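What follows is a single structure, written as C-alpha cells, with notes after it.
Chains as they are written, first to last, in my numbering: chain A, 3 to 205; chain B, 485 to 907.
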C-alpha cells in the first residue's frame with residue numbers, strides 16, 4: 003500500500019516555495035509521533051499537472067498575489083470533488099495583506115466561500131488535543147503582520163469534511179525550520195501539523 | 485323361401501335383438517371403466533373441457549393442444565386429474581418463462597429481479613405501477629435492482645407471463661472498516677459511506693492509538709454485517725473476526741491483511757508476490773498495484789486481471805470471505821476517469837454485498853407463479869407429439885348417439901308391427 007507523501011503545490015502566480023523546510027519538519031513529526039507510513043521526502047507538483055491528483059493533501063503557501071490559472075483551477079476543483087483536501091496558509095499573517103485578499107477571492111471562486119471553523123471541530127482532536135482551537139504562533143504573539151491573534155481558521159467543507167483549510171496564523175513561518183532544532187523547544191510546535199495530516203488521512 | 489310377412493317378422497326380431505345388444509353395451513359401459521380418451525384444444529377451451537370431464541367419467545388419457553401456458557388454476561386442475569388417475573400429456577410450441585426475486589444485502593437495492601424469457605416476443609418486466617425494463621425477443625435474461633422489497637413483479641412475453649412476490653428483505657447491520665491511516669483506508673470508507681452503507685471504523689494512527697468512527701462494538705453478527713480488514717492493523721482483532729465469519733459474518737480481506745499469519749485460517753489465497761503497479765493510459769483499479777491470487781479448490785475467482793486472479797472468494801463455515809489483490813484502489817477514484825469515483829464506489833459496494841451477512845425479515849407471503857412452464861412440465865411432462873386419440877368428442881355425446889340408435893331401432897320395430905296390424 004502506498005505511503006503518505008507530503009505534497010507542496012506549485013502555482014504560477016506567486017512564491018509557492020516560501021517555506022522550503024516546512025515539509026521535512028512535518029514529515030519528521032508524522033514519523034516521530036505516529037505509525038503512518040510516510041515517504042521520507044516531500045514532493046513539489048505543479049497544480050496545473052494531473053499528477054496533483056495522486057496527492058490527496060496539498061499544501062499551498064506564499065506572500066504574493068494568489069491566483070489559479072484555468073488548468074490549476076480545474077485540477078484543484080477535481081481534487082476536492084474526488085475527496086482531496088488543501089491546506090492553504092497565509093505566510094504574511096496579515097488579513098490586510100495581498101496574499102490573504104487574493105487567496106480568499108480565489109478560494110471563493112474555485113471552491114465556495116470559506117467560513118470560520120469552530121474550535122471544537124474534530125480537526126483539533128484528530129491526534130493531539132487542542133481544546134482552545136488552533137494553536138497561536140510566535141508571529142501572532144509577537145505582533146508581526148496584522149498584530150492579531152486569529153481565533154479561528156477558515157474552511158470550506160463538503161458535508162462534514164473539510165476540503166479546504168485556510169489559515170492566517172502563518173504556520174509556514176512557525177514550522178519552517180530544520181527538524182533537528184525541535185530539541186530546543188519544550189513543546190513541539192508542529193504538533194498541529196500532525197493533526198492536519200491525520201485528519202486528512204482519516205476523514 | 486321366406487314370405488314377405490316372415491321377412492318382416494325377422495326384421496322386427498333383428499331390431500329387438502339389436503336394441504337388446506345396444507342396451508347391453510350401454511350397461512357394460514356403465515359398469516366397466518372406460519378406456520376412452522379426451523382431448524382439449526387451446527388454453528381457453530381447456531377449462532370448460534376440464535370441468536366436463538371432471539364431473540362426468542374420467543378419461544384414462546387427456547391430451548392438451550396448447551397455444552399458451554395454462555393458468556395456475558388450469559395447472560392445478562391438471563394436477564388433480566393426474567392425481568385421480570388420468571394420464572396427462574400436451575403439445576404446443578411454448579417457450580419457457582420464469583422470474584425470481586431475491587433480497588440483496590446492499591443499501592442501494594433491496595431486491596434483485598431476474599427474469600428469463602426465451603420466446604420470440606419482447607419481454608416486459610413490470611411491477612404494480614409501471615414497466616421496469618424490457619428486452620427484445622431472443623434476449624433471454626433481464627435483471628434489475630429494486631429499491632422496494634415488497635409487491636408483485638411480473639415478466640410478460642406474448643400471451644405468457646410469470647410473476648413473483650418478494651417474500652423477505654435483508655436487514656443490514658453496520659460495516660466495520662479496519663485499517664491504518666492511509667489513503668486506501670480513507671477512500672474505501674468514503675466509498676462505502678457514499679454507497680449508503682452504515683460504517684464504523686478503527687483507523688490505526690499510532691501504536692495503541694486509533695481514530696474511531698462510531699462506537700466500535702463486539703464483532704458479531706448482532707452488530708455487524710461485514711468487516712473490511714485492509715491491513716495488519718486488524719491483527720489484534722483476528723480471533724474475533726474468525727468467530728464472526730464462522731457464524732455467518734462477511735469479511736473482505738485486503739492484500740496486506742491477508743499476508744499476516746493472523747488471517748491464515750481465513751485468507752482465500754496464499755500470499756504471492758507483492759503488489760506491483762501496472763501502467764496504462766487510464767488509471768482504473770486494474771492498473772493500481774495488484775498481487776495475483778492463487779485460488780485453491782475451496783475458492784472461486786471473482787475477478788481476473790490480465791489472466792490472473794485479482795479477487796477471489798470462499799466460504800468459511802456460515803460466512804463468506806473475499807480477498808482482493810489490489811493495494812491502492814483509491815487511485816482509481818482520484819486519478820481515474822470522470823466516472824472513476826462512481827466506479828470505485830460501486831465496485832466496493834458490490835464486493836461488500838457479496839459477503840455481507842443480513843438477517844431476513846418476512847414482508848409478504850411469497851405468493852407467485854414464478855415458473856409456469858416448468859410447472860406445466862412437472863404436471864404433464866415434456867411436450868409430446870399429438871397422440872392418435874378419439875375425436876375431441878365427449879363421452880356424453882357418444883352416449884347420445886347410442887341412445888339415438890336404440891330409440892330408432894325400437895321405433896322402427898314398433899312401426900313395423902303396427903303397420904302390419906300386430907300389437
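Note that beta-carbon positions come from the ideal geometry of N, C-alpha and C, so glycine has one too. Computed from a prediction, not measured in an experiment: that's the story for all the values here.
Exercise for the section: In the DSSP assignment, find the alpha helix (DSSP H) that holds residue 557 of chain B and state where it starts and stops. Expected result: Taking the first residue of the second chain as position 1, residue 557 of chain B is located at position 73. Counting along the chain, residue 557 of chain B sits inside the alpha helix (DSSP H) bounded by residues 556–567.
Exercise for the section: Would you mind sorting residue 47 of chain A into buried or exposed? The rule is 16 or more other CB atoms within 10 Å of its CB. Expected result: Here residue 47 of chain A corresponds to residue number 45 of the first chain, with the count starting at 1. That one is buried.
Exercise for the section: Taking only beta carbons into account, state which residues of the stretch 67–85 of chain A come closer than 7 Å to chain D, listed in chain order. Expected result: This model lacks chain D altogether, as its protein chains are A and B.
Exercise for the section: Quick one: give me the first and last residue of the beta strand (DSSP E) that residue 63 of chain A is part of. Expected result: Sequence index remark: in the first chain, residue 63 of chain A carries index 61 (1-based). Per DSSP, residue 63 of chain A belongs to the beta strand (DSSP E) from 59–64.
Problem - Partners in chain B for residue 157 of chain A, counting only beta-carbon separations shorter than 7 Å - result: By one-based count along the first chain, residue 157 of chain A stands at place 155. Within chain B, no residue comes near residue 157 of chain A; the closest Cβ sits about 18 Å away, beyond 7 Å.
Problem - Touch test, the stretch 82–100 of chain A against the stretch 56–67 of chain A, Cβ-Cβ under 8 Å, three pairs minimum - result: They touch, by the three-pair rule.
Handout entry: Below-9 Å beta-carbon distance, residue 128 of chain A vs any chain B residue
Key = Position 126 of the first chain holds residue 128 of chain A. It does: the Cβ of residue 128 of chain A has a partner Cβ on chain B nearer than 9 Å.
Problem - Start-to-end residues for the beta strand (DSSP E) that takes in residue 88 of chain A - result: Start at 1 with the first residue of the first chain, and residue 88 of chain A comes out as number 86. Element bounds for residue 88 of chain A: 87–92.
Exercise for the section: Evaluate the contact criterion for the stretch 829–842 of chain B versus the stretch 725–744 of chain B: three or more CB pairs, one atom per stretch, below 8 Å. Expected result: Output reads yes: the stretch 725–744 of chain B touches the stretch 829–842 of chain B.
Practice task
Would you identify the three-state DSSP class for residue 37 of chain A, choosing helix, strand or coil?
Solution key: Counting from one through the first chain, the residue named residue 37 of chain A turns up at place 35. DSSP places residue 37 of chain A in the coil class of the three-state scheme, outside both helix and strand.
Exercise for the section: Using a Cβ-Cβ cut-off of less than 7 Å, give me the residues of the stretch 682–694 of chain B that come near chain A, in sequence order. Expected result: The residues in question are 687, 688, 689, 690, 691.
Practice task
Residues of the stretch 28–59 of chain A with a CB closer than 7 Å to any CB of chain B: list them in chain order, please.
Solution key: From the stretch 28–59 of chain A, only 35, 36, 37, 38, 39, 55, 56, 58 have a Cβ closer than 7 Å to chain B.
Practice task
Counting only the same chain and skipping the five closest in sequence on each side, list residues whose C-beta sits under 8 Å from that of residue 904 of chain B.
Solution key: Taking the first residue of the second chain as position 1, residue 904 of chain B is located at position 420. Excluding residues within five positions, the ones whose Cβ falls inside 8 Å are 489, 492.
Handout entry: residue 70 of chain A, buried or exposed, once every other Cβ within 10 Å from all chains shown has been counted against 16
Key = Against the first chain, residue 70 of chain A aligns to sequence position 68. The residue is buried, with at least 16 neighbouring Cβ atoms inside 10 Å.
Handout entry: Reference residue 792 of chain B; option with closest CA among B:759, B:715, B:801
Key = Working through the second chain from its first residue, we reach residue 792 of chain B at position 308. Proximity to residue 792 of chain B across B:759, B:715, B:801 peaks at B:759, based on C-alpha coordinates.
Exercise for the section: Consult DSSP for residue 644 of chain B and reduce its assignment to one of helix, strand or coil. Expected result: To locate residue 644 of chain B, count along the second chain from 1; it is residue 160. Secondary structure at residue 644 of chain B: strand, using DSSP grouped into helix, strand and coil.
Exercise for the section: Using a Cβ cut-off of 9 Å (strictly closer), state whether residue 469 of chain B contacts chain A. Expected result: With chain B covering 485 to 907 only, the question about residue 469 of chain B has no answer from this structure.
Handout entry: Cβ-based neighbour list, residue 856 of chain B, same chain, cut-off 6 Å, excluding 5 preceding and 5 following
Key = Here residue 856 of chain B is taken as the residue at index 372 of the second chain, counted from 1. Taken in chain order, the residues that qualify are 553, 646.
Exercise for the section: Excluding the 5 residues preceding and the 5 following residue 828 of chain B in the sequence, name in chain order all residues of the same chain whose CB lies nearer than 8 Å to its CB. Expected result: Here the question's residue 828 of chain B lines up with position 344 in the second chain. Scanning its chain for C-beta atoms nearer than 8 Å, with the 5 sequence neighbours on each side dropped, one finds around residue 828 of chain B the residues 671, 675, 769, 813, 814, 816, 817, 820, in chain order.
Problem - Coil, strand or helix - residue 548 of chain B by DSSP - result: To locate residue 548 of chain B, count along the second chain from 1; it is residue 64. When DSSP states are grouped into helix, strand and coil, residue 548 of chain B belongs to the strand group.
Practice task
Could you run through the stretch 659–673 of chain B and flag, in chain order, every residue whose CB is less than 8 Å away from some CB of chain A?
Solution key: Answer set for the stretch 659–673 of chain B: 664, 665, 666, 667, 668, 669, 670, 671.
Handout entry: Counted within 10 angstroms of its Cβ, other Cβ atoms place residue 122 of chain A as buried (16 or more) or exposed
Key = Here residue 122 of chain A is taken as the residue at index 120 of the first chain, counted from 1. Around the beta-carbon of residue 122 of chain A, fewer than 16 other beta-carbon atoms lie within 10 Å, marking it exposed.
Problem - residue 817 of chain B at chain A interface by Cβ criterion, 9 Å - result: As a working mapping, residue 817 of chain B is identified with position 333 in the second chain. The C-beta of residue 817 of chain B comes closer than 9 Å to at least one C-beta of chain A.
Practice task
Starting from the beta carbon of residue 166 of chain A, find every residue of chain B whose beta carbon is closer than 9 Å, and list them in chain order.
Solution key: Reading the first chain from its first residue, position 164 is the one you call residue 166 of chain A. Here the premise fails: no neighbours, minimum Cβ distance about 16 Å.
Problem - Simplified DSSP state of residue 48 of chain A, which is helix, strand or coil - result: For the purposes of this step, residue 48 of chain A is taken as residue 46 along the first chain, with counting starting at 1. Secondary structure of residue 48 of chain A (DSSP, three-state): strand.
Handout entry: For residue 577 of chain B and residue 545 of chain B, the rounded distance between their alpha carbons
Key = Within the second chain, residue 545 of chain B is the residue found at index 61, counting from 1. Within the second chain, residue 577 of chain B is the residue found at index 93, counting from 1. Spanning the alpha carbons of residue 545 of chain B and residue 577 of chain B requires a straight line of approximately 21 Å.
Handout entry: Nearest to residue 596 of chain B (by Cα), restricted to the options B:654, B:573, B:547
Key = What you label residue 596 of chain B is simply residue 112 of the second chain in a count that begins at 1. Of the listed residues, the one whose Cα sits closest to residue 596 of chain B is B:654.
Exercise for the section: Run through the stretch 72–140 of chain A for me and flag every whole beta strand (DSSP E) of 3 or more residues, listed as ranges in chain order. Expected result: The qualifying runs are 87–92.
Problem - Local Cβ density within 10 Å of residue 189 of chain A, reported as buried at 16 or more and exposed below that - result: By one-based count along the first chain, residue 189 of chain A stands at place 187. With a 10 Å radius around the Cβ and a threshold of 16 neighbouring Cβ atoms, residue 189 of chain A comes out exposed.
Practice task
Give a yes or no on whether the minimum CB-CB distance between residue 193 of chain A and chain B is below 9 Å.
Solution key: Numbered from its first residue, the first chain carries residue 193 of chain A at position 191. So, not an interface residue.
Handout entry: Helix, strand or coil at residue 819 of chain B [DSSP, three-state]
Key = Reading the second chain from its first residue, position 335 is the one you call residue 819 of chain B. In the structure shown, residue 819 of chain B sits in a helix (DSSP, three-state: H, G or I).
Handout entry: For residue 438 of chain B, three-class secondary structure by DSSP
Key = Summary: the structure shown does not reach residue 438 of chain B, with chain B confined to residues 485 through 907, and so no result is reported for it.
Problem - Exposed unless 16 or more other CB atoms sit within 10 angstroms - verdict on residue 556 of chain B - result: The count along the second chain starts at 1 and reaches residue 556 of chain B at position 72. Result: exposed.
Problem - Bounding residues of the beta strand (DSSP E) (the contiguous stretch that carries residue 670 of chain B) - result: Taking the second chain and counting its residues from 1, the one referred to as residue 670 of chain B is at position 186. It is not in any beta strand (DSSP E) - residue 670 of chain B instead sits in the alpha helix (DSSP H) that spans 667–678.
Problem - Beta-bridge partners of residue 572 of chain B, as assigned by DSSP - result: The residue you call residue 572 of chain B lines up with position 88 of the second chain. In the DSSP output, where bridge partners are listed per residue, residue 572 of chain B has B:546.
Handout entry: Sequence-distant residues of its chain with Cβ nearer than 6 Å to residue 894 of chain B (five each side left out)
Key = Counted from its first residue, the second chain places residue 894 of chain B at position 410. Spatial neighbours of residue 894 of chain B in its own chain (CB-CB distance under 6 Å, excluding positions within 5 residues in sequence) are listed in chain order as 503.
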